[in-house]
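One gets the working numbering by counting positions in the sequence shown from 1 and adding 529 to each.
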Amino acid sequence: MVWGGISLGGRTALHVLTRGSLTAIRCQDGILRPLVRPYAVQYAPRFLLMQANARPHVAGVCQQFLQDKGIDAMDWPTHSPDLNPIEHIWDIMSLAIHRHVAPQTVQELADALVQVWEEIHNLIRSMHRHCREVIQANGSHTHY
Numbered sequence: 530m531v532w533g534g535i536s537l538g539g540r541t542a543l544h545v546l547t548r549g550s551l552t553a554i555r556c557q558d559g560i561l562r563p564l565v566r567p568y569a570v571q572y573a574p575r576f577l578l579m580q581a582n583a584r585p586h587v588a589g590v591c592q593q594f595l596q597d598k599g600i601d602a603m604d605w606p607t608h609s610p611d612l613n614p615i616e617h618i619w620d621i622m623s624l625a626i627h628r629h630v631a632p633q634t635v636q637e638l639a640d641a642l643v644q645v646w647e648e649i650h651n652l653i654r655s656m657h658r659h660c661r662e663v664i665q666a667n668g669s670h671t672h673y
């Protein structure tokens, strides 16, 4: 499992969870505190967190952390992939890794993911165009 954050200004480091699943506490201590908070401070006051509705993301402990740190998060409807550009990045990363020899170990997979993560600048820059198309489609699906 991996976590990464993107914005028009750039991206966070990629966080690779090599063991276990993402819990609310792991989300708070391994993602929100070390990755999201510094990124939010860097882009304040214009920072607005967009995240999926995964259980750890919406757990009370994580929501309280964001509120305590003054980090605003979008109210996000379920099943809205057209406006969540990170979903496109996960697809790109998966395709990029599968084009090459499949990683044989967890460490090889983590290294490959980090390498691809460093190469995704173009999609980040296209976020404006994606949002415009969804607006023009009145919220319906687009070719993205």
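Yeah, the Cβ is synthetic: ideal placement off N, Cα and C, and Gly gets one too.
Quick one: what's residue i bridged to in DSSP?
i	result
L578	A602
H544	W532
G539	S536
In three-state DSSP terms, what is residue i?
i	result
G668	coil
P585	helix
P632	coil
G559	helix
S655	coil
L551	coil
E616	helix
E647	coil
A573	coil
Give me the Cβ distance between residue i and residue j, rounded to the nearest whole Å; I'm assuming they're in contact under 8 angstroms.
i	j	result
I621	I649	6 angstroms
N613	M579	7 angstroms
P585	T634	That belief does not hold up - the Cβ atoms of P585 and T634 are roughly 26 angstroms apart, past 8 angstroms.
Beta carbon of residue i, beta carbon of residue j: below 9 angstroms?
i	j	result
K598	R575	no
G534	L564	yes
L642	L543	yes
L546	F594	no
T607	N582	yes
C718	A588	The structure shown has nothing for residue 718, since the chain only spans 530 to 673.
G549	Y572	no
V645	A631	no
A569	I618	no
V590	I554	yes
Say whether chain C places a C-beta atom closer than 9 angstroms to the C-beta of residue i.
i	result
I626	Structure shown: chain C not included; a single protein chain is present.
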